[in-house]
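One structure is given here, and the rest of the page talks about it.
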Amino acid sequence: MKKISVDDLRIGMFVHEICGSWMDHPFWVSSFVISDRNDLITLQKSSIREVWIDPDKGRDTEPSAPVASPSLVPSLLMETIKEARAIKVATQKTSFEDELVLARGIHARSRGVIHSLLTEARMDIPVNLTTAQHLVEDICNSVLRNSEALISLLHAKTKKTYPYLHAVAVCALMIALGKQMGFDNNLLKRLGMAGLLLDIGKTLLPLSLLNKQARLTDEEFEMMKSHPLLGYHLLQNLGIDDEIILDVCAHHHERMDGKGYPDWLPEEKISIYANMGTCCDVYDAITSERSYKTGWALGQAIRKMAEWQEGQFNRTVFHAFVRTVGLYPSGTLVQLKSGRLAYVVEQHPGSLMTPKVKAFYSTRQNVFIEPLMLDLSKCGDTILNVEDPAKWNFKASHL
Ligand SMILES: [Fe+2]
Ligand SMILES: [Fe+2]
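In structure tokens, the structure reads:
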């Protein structure tokens, strides 16, 4: 039996006895499992300050992970981003097509690097972080030259490559989002590393759980929910002491409405970095094909996330994220007013509605046409709607 402060109570704990008079709290019984958030808040707001919990009958207290200090966020950053909201997409130093050549090399190398990293972590042998750091540096340089080339390549994942390429994709998205938010290079690399490692705790879960084809049972889902803290402790054991990397790992499943896990942190206690991790992680997960579902079309995913933004994402972070990937992210298949089908290849710096696209198919004649680059801000054609590539049987190789 443990006596704890009501502030340390969590959903799932078994309250054995409430310390204080029954008149000080609204519960009819004094022994019960805290099964919902309202009960937790009621108890925390009552005049009761301490309770006895029984760890054998419910969740035990865990040392929860600290949140990265807000002082790390460059001053006035949030205000600056708010003002920049209406302005533009981060500038690109090289063209999408040129960067694609270099990005293919990084893409090819990354799978092997992450595969060894995750295997070493799973087998509990010393993890070589230097190779991972070099990879993050290369990803960072690619994204700084052109934030879309590598990310568009990383959309094409199979069920088998997902666990490796998800880490690389979240890394690249974190750096691109940080670039959009105006962070310096050093911070971008730390965020990239945080993205690369945020799901590392999953390596400690059984493969049968990770590869399960069907939906998870409640019990399995509870087990899956342990990965942020497992990852946090694993990273600490590996000697990582960067508070941003640790914070993003521990808190990338917390939510603005306080319904996240593992700590049900309220909005004001979730760092901007952890929420950047949430945004990038959710986006990549819902746009990828997984063992139990097919991925969503890119343009649809960002619209779905906009519907969820209140509960899940920090508004400023989410707006910067939309500017990063675009309303029509590169790689999105769109139908143009002219009847042509095209893939989006580059965002327009001043308008999210008029990206550059590569047209390659005529829906009027139902034939492939000679690929043609179109700048929708200049050529007079416009996007009619987002199309699902699966419906047309097109592959990302048309990029
Ligand atoms: Fe995760
Ligand atoms: Fe994830």
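Sequential numbering of the sequence shown, starting at 771, is according to the numbering used here. Every residue, glycine too, gets a C-beta built ideally from N, C-alpha and C.
I believe residue i touches residue j by the beta-carbon criterion, under 8 angstroms. Please report the beta-carbon distance rounded to the nearest angstrom.
| i | j | result |
| --- | --- | --- |
| His786 | Ser816 | Going by Cβ atoms, the distance from His786 to Ser816 rounds to 17 angstroms, so no, they are not a contact pair. |
| Ala1129 | Leu1144 | 6 angstroms |
| Tyr1002 | Cys1019 | 5 angstroms |
| Ile921 | Ala942 | 5 angstroms |
| Thr1133 | Val1114 | Not confirmed; about 17 angstroms, so no contact. |
| His885 | Tyr934 | 5 angstroms |
| His1022 | Asp1051 | 6 angstroms |
| Glu1059 | Lys929 | 6 angstroms |
| Pro998 | Pro1032 | 6 angstroms |
| Arg1025 | Gln1079 | Going by Cβ atoms, the distance from Arg1025 to Gln1079 rounds to 11 angstroms, so no, they are not a contact pair. |
| Ala905 | Val883 | Inspection of the sequence shows that residue 905 is occupied by Leu rather than by Ala. Confirmed, about 5 angstroms. |
| Val757 | Val1104 | The first residue shown for the chain is 771 and the last is 1169, placing residue 757 beyond what the model contains. |
Sort out for me which residues DSSP pairs residue i with in a bridge.
| i | result |
| --- | --- |
| Gln1105 | Leu1111 and Asn1155 |
| Asp1145 | Lys1126 |
| Ser1132 | Arg1110 and Val1137 |
| Val803 | Phe784 |
| Cys789 | Glu820 |
| Lys772 | Ile823 |
| Glu1116 | Lys1126 |
So is the beta-carbon of residue i under 7 angstroms away from any non-hydrogen atom of ligand 1?
| i | result |
| --- | --- |
| Pro998 | yes |
| Asp969 | yes |
| Asp1051 | yes |
| Leu1023 | Checking the displayed sequence, the identity of residue 1023 turns out to be His instead of Leu. Yes, since a heavy atom of ligand 1 falls inside the 7 angstroms radius drawn around the Cβ of His1023. |
Would you report the Cα separation of residue i and residue j, rounded to the nearest angstrom?
| i | j | result |
| --- | --- | --- |
| Pro844 | Asn955 | Only weak support exists for where Pro844 lies, its pLDDT of 41 falling under 50; the value from the coordinates is given anyway. So the alpha carbons of these two residues sit roughly 13 angstroms apart. |
| Gln1117 | Asn808 | 44 angstroms |
| Gly1120 | Thr861 | 10 angstroms |
| Asp1158 | Ile818 | 55 angstroms |
| Ile851 | Phe953 | Model confidence at Ile851 stands at a pLDDT of 48, short of 50, so the residue's coordinates are unreliable; what they give is reported in the following sentence. Cα to Cα, the separation comes out at about 11 angstroms. |
| Asn981 | Glu990 | 12 angstroms |
| Val938 | Leu966 | 6 angstroms |
| Gly790 | Leu1008 | 44 angstroms |
| Asn1136 | Ala1112 | 13 angstroms |
| Met1123 | Lys1074 | 17 angstroms |
| Asp777 | Thr831 | 11 angstroms |
| Leu870 | Arg829 | 49 angstroms |
| Leu961 | Ile909 | 12 angstroms |
| Leu968 | Glu1077 | 24 angstroms |
| Met963 | Ser1041 | 17 angstroms |
| Asn826 | Phe802 | A small fix is needed here, since residue 826 is Asp in this sequence, not Asn. Answer to the nearest angstrom: the Cα atoms are 13 angstroms apart. |
| Met783 | Glu1038 | 24 angstroms |
| Leu947 | Asp824 | 44 angstroms |
| Lys1029 | Ile781 | 11 angstroms |
| Asn898 | Asn916 | 28 angstroms |
| Ile1010 | Thr900 | 12 angstroms |
| Leu736 | Tyr1053 | Only positions 771 to 1169 of the chain appear in the structure, and residue 736 is not among them; the question remains open. |
| Arg874 | Leu924 | 10 angstroms |
| Ala1090 | Ile1056 | 19 angstroms |
| Ala1186 | Pro1036 | Because the chain spans 771 through 1169 in this model, residue 1186 falls outside it and cannot be assessed. |
| Phe1164 | Ala1067 | 12 angstroms |
| Leu842 | His936 | A caution first: Leu842 carries a pLDDT of 46, below 50, which makes its placement in the model too unreliable to give a value. |
| Ile857 | Leu1106 | The predicted position of Ile857 is uncertain, since its pLDDT is 44 and thus under 50; a value taken from the coordinates is nonetheless stated next. Each residue's alpha carbon lies about 25 angstroms from the other. |
| Leu887 | Ile811 | 41 angstroms |
| Gln1006 | Ile788 | 35 angstroms |
| Asn1045 | Leu1016 | 13 angstroms |
| Gln983 | Met994 | 14 angstroms |
| Gln1070 | Thr889 | 34 angstroms |
| Phe797 | Cys1049 | 38 angstroms |
| Ala854 | Ile1072 | Confidence at Ala854 is low in this model, with a pLDDT of 46, below 50, so its placement is unreliable and the value that follows should be read with caution. Spanning the two alpha carbons is a distance of roughly 20 angstroms. |
| Val821 | Val1087 | 38 angstroms |
| Leu974 | Lys959 | 25 angstroms |
| Thr1152 | Pro1099 | 15 angstroms |
| Ser912 | Gly1047 | 20 angstroms |
| Asp806 | Met793 | 21 angstroms |
| Ile804 | Ser775 | 14 angstroms |
| Pro1125 | Leu957 | 28 angstroms |
| Met771 | Val799 | 18 angstroms |
Consider the C-beta atom of residue i and the heavy atoms of ligand 2; say whether any pair is separated by less than 7 angstroms.
| i | result |
| --- | --- |
| His936 | yes |
| Ala1055 | yes |
- Query: Fully enclosed by the region 1057–1094, which beta strand (DSSP E) runs are 3 residues long or longer?
  - Reply: none
- Ignoring anything shorter than 4 residues or poking outside the region 992–1052, list the alpha helix (DSSP H) runs there in chain order. 997–1007 and 1013–1021
- What alpha helix (DSSP H) runs, 4 residues minimum, are completely inside the region 903–936? Listed in chain order, they are 919–924.
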